[in-house]
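Visitor:
Residue numbers (our numbering): 14 to 190.
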């Protein structure tokens with residue numbers, strides 16, 4: 014394994030979080046979410062299919078990272094419903110990324126996966142923008158993290174998740190010949 018890839022591939026589930034401080038950064042995090050597809054597009058624009066579908070060290074390929082972002086949109090939007098409907102607990106992640114694994118993203122064109130992601134992400138960001146005023150008041154319990162989670166925290170969490178996968182994509186593209 015190359016040093017750069019290992020250095021930036023800390024396990025997402027092991028990441029430590031600080032919540033309740035993100036209200037002022039809502040617009041910033043929303044901008045990250047809005048630009049994710051564009052950033053990925055810039056990274057992969059002239060990259061070979063071989064490089065996009067290679068699985069370094071048997072981990073996800075670039076296509077699979079993009080596909081994962083696509084599959085996660087359904088959870089993020091469902092959780093947005095949890096906030097809007099005032100549920101006590103956020104619906105959980107399935108715990109195993111089975112949707113990403115089942116997506117067979119290495120058999121699909123990266124541009125199409127990215128287009129599908131952007132088609133869902135764009136209205137998602139618009140919905141979040143409309144809820145900005147209430148973002149600190151809307152709170153739901155996040156079971157895995159064992160904490161109250163505001164909508165502003167949720168937006169930060171999704172933006173950080175995007176950045177995590179953007180970093181992984183960058184590292185793969187840097188390392189592969």
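Every residue, glycine too, gets a C-beta built ideally from N, C-alpha and C. Computed from a predicted structure; not experimentally measured.
Measure the Cβ-Cβ separation of residue 126 and residue 80 and say whether it is below 8 Å.
Guide: In the chain shown, residue 126 corresponds to position 113, counting from 1. In the chain shown, residue 80 corresponds to position 67, counting from 1. Going by C-beta atoms, residue 126 is nearer than 8 Å to residue 80.
Visitor: Which residue comes first and which comes last in the beta strand (DSSP E) that contains residue 87?
Guide: Taking the first residue of the chain shown as position 1, residue 87 is located at position 74. Where residue 87 is concerned, there is no enclosing beta strand (DSSP E), although the alpha helix (DSSP H) it sits in stretches over 75 to 97.
Visitor: What are the boundary residues of the beta strand (DSSP E) that residue 29 is part of?
Guide: What you label residue 29 is simply residue 16 of the chain shown in a count that begins at 1. Per DSSP, residue 29 belongs to no beta strand (DSSP E) and is neither H nor E.
Visitor: Could you check the C-alpha separation between residue 74 and residue 37 for me, to the nearest Å?
Guide: Translated into positions along the chain shown, residue 74 becomes position 61. Translated into positions along the chain shown, residue 37 becomes position 24. Distance between the alpha carbons of residue 74 and residue 37 is about 35 Å.
Visitor: Buried or exposed: residue 19, going by 16 or more other Cβ atoms within 10 Å of its Cβ?
Guide: The residue labelled residue 19 in the question sits at position 6 within the chain shown. Summary for residue 19: the model assigns pLDDT 43, below 50, so the residue's position carries little reliability; its value from the coordinates is reported in the next sentence. The residue in question, residue 19, is exposed, as its Cβ has fewer than 16 Cβ neighbours within 10 Å.
Visitor: What would DSSP say about residue 18, mapped onto helix, strand or coil?
Guide: Counted from its first residue, the chain shown places residue 18 at position 5. Low confidence applies here, because residue 18 scores a pLDDT of 43, under 50, leaving its location unreliable; read the following figure in that light. If DSSP states are grouped into helix, strand and coil, residue 18 belongs with the helices.
Visitor: Return helix, strand or coil for residue 49, following the three-state DSSP convention.
Guide: To locate residue 49, count along the chain shown from 1; it is residue 36. Three-state result, residue 49: helix.
Visitor: On the DSSP bridge list, what partners appear for residue 153?
Guide: By one-based count along the chain shown, residue 153 stands at place 140. Beta-bridge pairing links residue 153 to 162.
Visitor: Is there contact between the stretch 174 to 183 and the stretch 78 to 95, where contact requires at least three CB pairs shorter than 8 Å?
Guide: With a cut-off of 8 Å, the stretch 78 to 95 and the stretch 174 to 183 count as touching, because enough Cβ pairs lie within range.
Visitor: Is residue 58 helix, strand or coil when you go by DSSP?
Guide: In the chain shown, the residue the question calls residue 58 occupies position 45. Note: residue 58 maps to coil in three-state DSSP.
Visitor: Please return the same chain residues whose Cβ sits closer than 8 Å to the Cβ of residue 189, not counting the five positions on each side in sequence.
Guide: Taking the first residue of the chain shown as position 1, residue 189 is located at position 176. So the qualifying residues of the chain are 64, 67 and 69.
Visitor: With DSSP collapsed to three states, give me the class of residue 67.
Guide: Here residue 67 is taken as the residue at index 54 of the chain shown, counted from 1. Three-state DSSP puts residue 67 in coil, outside helix and strand.
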